[in-house]
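> Quick note on numbering: the sequence shown equals residues 11 to 537 in this note's numbering. All C-beta atoms in this analysis are idealised placements derived from N, C-alpha and C, irrespective of residue type, glycine included. What follows is a single structure, and I will ask about it in a moment.
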Amino acid sequence: MKYISVFILLLSFAYAQAQGISEKWVFDVPKESMEKISDKIIFDAEGNYCFEFKDKKGGSYFLTHTDTVIGSGRIGSIYGSGGGISYTKSYSDPKSKPYYFKNSNGIDIHGPIVGEIESFQTSNTNGNIALVTTLGDSVYYYINHRSVARYHKKEMDEFYISSRDWVAFSENGNVIYFIRKNDSYHLYINDELIETSKFRFTQLAINNKGEYIFARGKKPSEPDGLYSYMFFVHTPDTILGPVRTVWEYQLNNNGAYYYSGDDNGPEYIIINNYLYKNIHNISNVTLLDKDNYLFTFEEDGIQKINVNGHVHTPDFESIFFPNMDDKGNFSCYGIKDYYLYKYINGKQQEVSISKYGVRAVPLYISPKGESLHYFRTDDSTYLYKDQQLVFPPIANGNHFSVEDDVLYWGYGYDDDVSNGHSLFYLGYGESSYLVSNGEFSRPISNDGKNEQKIEGNSMVAGEVSDHGFFVIHQIAKRKYSININNQVYRELEGVDKILYGNHFLDDYHFIFYGIKKNAIYQYKINL
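As structure tokens, this is what we get:
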């Protein structure tokens with residue numbers, strides 16, 4: 011480890027204000043070094059950073075906000091479903107040589123450690139990482155900066171060594187993990203032992219409040235015609251089961267959670283401490299909070315909707331876009347005998363949604379039943395919000411498109427789980443819009459979601475989170491427009507590049523970083 015002071019001139023933040031966006035100068039970078047660091051620099055919301063740089067001899071190193079250089083000439087990386095890991099190690103290095111590592115999306119560097127990396131897990135957080143390494147006859151388990159277990163290989167099986175599901179993180183650093191001791195598995199929450207078992211734990215999750223869920227495996231003590239192996243789902247105050255599999259699962263920061271999977275033929279769902287079994291085709295899972303949830307399912311071949319434990323049976327052949335709020339309202343569309351109807355708070359509307367002799371195509375329905383839909387006749391397309399025409403009709407053949415996968419590079423949510431928020435991209439004639447919960451953004455150009463297009467209007471950043479969404483469009487050279495939840499709009503000029511991945515949205519602020527000339531700046535919008 012060594013220290014340098016010439017590569018970057020690090021001073022206090024400098025403040026400026028423009029069009030409702032505060033600008034803080036972070037540091038200057040020599041022109042010849044800017045391209046080497048700009049794609050791999052990682053910031054946190056406070057302005058701390060870590061990035062990779064190369065010296066004149068081509069060696070790669072980490073440089074942190076403390077002006078500390080870490081590395082031995084090469085930085086490797088691995089990416090997968092467990093996140094990403096970056097480390098100061100070369101394939102040609104001896105296996106016993108110590109090295110440093112970090113979450114590829116984080117700023118904290120850990121180590122030194124030794125051994126070959128067998129598996130890693132970040133839970134797709136920005137600041138946490140766990141990994142398993144092997145060296146000789148030893149297996150090492152690390153969580154961030156510390157070792158939590160060491161075994162002889164003879165004590166382990168290859169599946170356990172390469173498995174990633176022994177640990178899970180929340181974004182703010184809470185951790186749930188299990189390790190093997192003698193003939194049993196020990197489960198910890200932030201290093202506090204809470205459970206032991208002869209069988210493995212799996213599908214662990216923990217949130218920012220320290221609330222957690224996990225599944226514990228078990229073999230029946232006596233022959234069981236239904237289960238040769240089973241799982242029990244645990245929360246801090248409840249144990250549910252048994253069930254045969256624990257495939258899909260999610261825990262939200264507000265404590266809402268679910269597990270679902272096959273149960274030896276039929277399906278089941280455990281949701282907010284309730285277990286529903288012997289059902290089929292579970293879909294449209296919506297988790298608002300610990301008290302409010304919704305899902306659709308089939309029972310005896312009939313489609314049904316479960317809303318907070320109350321089962322509704324609409325007389326529909328198909329159900330679309332079920333939605334709910336935390337006030338007890340829920341709605342959906344349904345098709346019966348070709349026609350499209352609304353179903354609001356347990357009642358089917360008597361009149362179908364039809365105009366111009368055609369059935370409506372649904373786009374969105376609010377929990378109270380406000381509808382966004384369109385009609386396509388032989389010559390034109392008509393877009394409606396309930397009975398109101400939203401835009402003048404356009405002739406068929408003109409641009410009209412609807413795409414749900416708008417912010418495709420953001421973390422977003424599990425495809426099977428909704429938090430009640432709807433967001434899609436609508437191209438209509440010569441303009442396009444982001445439609446959030448049925449409300450339209452200011453118009454953007456038709457190429458507004460094409461990140462490859464430099465000229466004109468291109469989306470350069472965007473993400474969906476618990477706090478809604480943001481998008482940043484480049485609308486001209488060195489000029490950007492910013493949309494936050496279709497409610498806050500700002501324009502930013504004079505910036506050469508928005509730094510990808512360095513964005514932070516909460517209920518009060520939106521923070522991001524950009525390059526202007528030969529300096530890096532932090533930008534902040536108060537919401």
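Give me the DSSP bridge partner(s) of Arg160.
Numbered from 1 along the sequence shown, position 150 holds the residue referred to as residue 160. Paired residue(s): Tyr150.
> Measure the alpha-carbon distance for Asn138 versus Asn154 and round it to whole angstroms.
Along the sequence shown, read from residue 1 onward, the residue named residue 138 stands at position 128. Along the sequence shown, read from residue 1 onward, the residue named residue 154 stands at position 144. Roughly 6 Å separates the two Cα atoms.
> Give me the Cβ distance between Ser114 and Ile95, rounded to the nearest whole Å; I'm assuming they're in contact under 8 Å.
Taking the first residue of the sequence shown as 1, we reach residue 114 at position 104. Taking the first residue of the sequence shown as 1, we reach residue 95 at position 85. That pair is a contact at about 6 Å.
> With 16 as the cutoff for other CB atoms within 10 Å, does Gly275 come out buried or exposed?
Counting from 1 along the sequence shown, the entry for residue 275 is found at position 265. Exposed, because fewer than 16 other Cβ atoms sit within 10 Å of the Cβ of Gly275.
> What whole-angstrom Cβ distance do Tyr443 and Ser432 have, given they're in contact under 8 Å?
Position 433 of the sequence shown holds residue 443. Position 422 of the sequence shown holds residue 432. Going by Cβ atoms, the distance from Tyr443 to Ser432 rounds to 13 Å, so no, they are not a contact pair.
> Determine the extent of the beta strand (DSSP E) in which Pro332 is found, giving its start and end residues.
Walking along the sequence shown from the start, residue 332 turns up at place 322. Run containing Pro332: Ser328 to Met334, per the beta strand (DSSP E) assignment.
> Measure the C-alpha to C-alpha separation of Ala61 and Gly183 and round it to an integer number of angstroms.
One-based indexing of the sequence shown puts residue 61 at position 51. One-based indexing of the sequence shown puts residue 183 at position 173. The question names Ala, but residue 61 in the sequence shown is Phe. Each residue's Cα considered, the two are about 21 Å apart.
> Whole angstroms is fine: what's the gap from Gln397's alpha carbon to Val416's?
Your numbering for residue 397 matches position 387 in the sequence shown. Your numbering for residue 416 matches position 406 in the sequence shown. Near 27 Å, if we compare the C-alpha coordinates of Val416 and Gln397.
> To the nearest angstrom, how far is it from the Cα of Asp388 to the Cα of Tyr351?
Residue numbering aside, residue 388 sits at position 378 when the sequence shown is read from its first letter. Residue numbering aside, residue 351 sits at position 341 when the sequence shown is read from its first letter. About 22 Å.
> Tell me whether Glu221 is buried or exposed, calling it buried when 16 or more other Cβ atoms sit within 10 Å of its Cβ.
By 1-based counting over the sequence shown, the position of residue 221 is 211. Per the 10 Å Cβ criterion, buried.
> Bridge partners of Leu214, per DSSP?
Position 204 of the sequence shown, counted from the start, is the residue given in the question as residue 214. DSSP lists no partner for Leu214.
> Whole angstroms are fine: how far does the CA of Asp335 sit from the CA of Lys1?
No information on residue 1 is available, as it lies outside the stretch 11 to 537 that the chain covers here.
> Apart from the five residues just before and just after Asp414, which ones in its own chain have a Cβ nearer than 7 Å to its Cβ?
Counting from 1 along the sequence shown, the entry for residue 414 is found at position 404. Phe434, listed in sequence order.
> Does DSSP classify Met240 as helix, strand or coil?
Here residue 240 corresponds to residue number 230 of the sequence shown, with the count starting at 1. Correct three-state label for Met240: strand.
> Do you know offhand how far Phe144's Cα is from Ile485's?
Working through the sequence shown from its first residue, we reach residue 144 at position 134. Working through the sequence shown from its first residue, we reach residue 485 at position 475. Checking the sequence shown, residue 144 turns out to be Thr, not Phe. In a straight line, the C-alpha of Thr144 is about 50 Å away from that of Ile485.
> Let me know the secondary structure DSSP gives Tyr101 once reduced to three states.
For the purposes of this step, residue 101 is taken as residue 91 along the sequence shown, with counting starting at 1. Looking at Tyr101 - three-state DSSP - the assignment turns out to be coil, as it is neither helix nor strand.
> Using the Cα positions of Thr78 and Phe72, report the straight-line distance between them to the nearest angstrom.
The sequence position of residue 78 within the sequence shown is 68, counting from 1. The sequence position of residue 72 within the sequence shown is 62, counting from 1. The alpha-carbon of Thr78 is positioned some 8 Å away from that of Phe72.
> Mark Ile464 as exposed unless 16 or more other C-beta atoms lie within 10 angstroms of its C-beta, in which case mark it buried.
Here residue 464 corresponds to residue number 454 of the sequence shown, with the count starting at 1. Reliability fails at Ile464, whose pLDDT of 36 lies under 50, so the model's placement of it is uncertain and the value that follows must be treated cautiously. So Ile464 counts as exposed.
> Report buried or exposed for Phe520, applying the criterion of at least 16 other Cβ atoms within 10 angstroms of its Cβ.
Here residue 520 corresponds to residue number 510 of the sequence shown, with the count starting at 1. Its Cβ being crowded by 16 or more others within 10 Å, Phe520 is buried.
> Assuming the contact rule is C-beta atoms closer than 8 Å, Phe211 and Ala225 should be a hit. Round their C-beta distance to whole Å, please.
Your numbering for residue 211 matches position 201 in the sequence shown. Your numbering for residue 225 matches position 215 in the sequence shown. 7 Å between Cβ atoms; contact.
> Check the DSSP bridge columns for His155 and list the partner residues they point to.
In the sequence shown, the residue the question calls residue 155 occupies position 145. Answer is none; His155 lacks a bridge partner.
> Identify the continuous beta strand (DSSP E) that holds Pro122 and give its terminal residues.
Residue numbering aside, residue 122 sits at position 112 when the sequence shown is read from its first letter. Counting along the chain, the beta strand (DSSP E) containing Pro122 begins and ends at His120 to Ile123.
> Expressed to the nearest angstrom, what Euclidean distance is found between the alpha-carbon atoms of Cys342 and Ser364?
Walking along the sequence shown from the start, residue 342 turns up at place 332. Walking along the sequence shown from the start, residue 364 turns up at place 354. For Cys342 and Ser364, the distance between alpha carbons rounds to 16 Å.
> Classify His41 as helix, strand or coil using the three-state DSSP reduction.
Along the sequence shown, one-based indexing puts residue 41 at 31. The sequence given here has Lys at residue 41, not His. Here Lys41 sits in helix by DSSP.
> Per DSSP, what kind of secondary structure is Gly472 in: helix, strand or coil?
Mapped onto the sequence shown, residue 472 falls at position 462. Strand.
> Kindly list the residues whose CB is nearer than 8 Å to the CB of His518, restricted to its own chain and excluding five residues on each side of it in sequence; keep chain order.
Taking the first residue of the sequence shown as position 1, residue 518 is located at position 508. Per the sequence presented here, residue 518 reads as Tyr, with His not at that position. Counting only Cβ-Cβ distances below 8 Å, and skipping sequence neighbours, we find Asn536 and Leu537.
> Does the distance from the CB of Phe480 to the CB of Leu515 come in under 7 Å?
Here the question's residue 480 lines up with position 470 in the sequence shown. Here the question's residue 515 lines up with position 505 in the sequence shown. Taking 7 Å as the Cβ cut-off, Phe480 and Leu515 qualify as a contacting pair.
> How would you call Tyr269, buried or exposed, if buried means at least 16 neighbouring beta carbons within 10 angstroms?
As a working note, residue 269 is residue 259 in the sequence shown. Buried is the call here.
> Please state whether DSSP places Ser451 in a helix, a strand or coil.
Your numbering for residue 451 matches position 441 in the sequence shown. If DSSP states are grouped into helix, strand and coil, Ser451 belongs with coil.
> Between Ile47 and Val412, what straight-line distance do the alpha-carbon atoms span, to the nearest angstrom?
The count along the sequence shown starts at 1 and reaches residue 47 at position 37. The count along the sequence shown starts at 1 and reaches residue 412 at position 402. Each residue's alpha carbon lies about 37 Å from the other.
> Take Leu285 and list the residues in its own chain whose beta-carbon comes closer than 6 Å to its own, dropping the five residues that flank it on each side.
Position 275 of the sequence shown, counted from the first residue, corresponds to residue 285. Close CB contacts of Leu285 within its chain, under the 6 Å cut and outside five residues either way in sequence, are with Leu250 (chain order).
> Taking 7 Å as the threshold (C-beta atoms), are Ile482 and Ile508 in contact?
As a position in the sequence shown, residue 508 is number 498, starting the count at 1. As a position in the sequence shown, residue 482 is number 472, starting the count at 1. Result yes, Cβ atoms of Ile508 and Ile482 sit closer than 7 Å.
> Between which two residues does the beta strand (DSSP E) carrying Val505 extend?
Taking the sequence shown and counting its residues from 1, the one referred to as residue 505 is at position 495. First-last for Val505: undefined, no H or E at that position.
> Going by DSSP, name the residue or residues bridged to Leu73.
Indexing the sequence shown from 1 puts residue 73 at position 63. DSSP, once it has assigned bridges, lists Phe61 and Val79 as partnering Leu73.
> Looking at the structure shown, is Ser114 part of a helix, part of a strand, or coil, going by DSSP?
For this step, residue 114 is matched to residue 104 along the sequence shown. Ser114: coil per DSSP, three-state reduction.
> Are Tyr97 and Gly90 closer than 7 Å when you measure CB to CB?
The count along the sequence shown starts at 1 and reaches residue 97 at position 87. The count along the sequence shown starts at 1 and reaches residue 90 at position 80. No, these two residues do not count as a Cβ contact at 7 Å.
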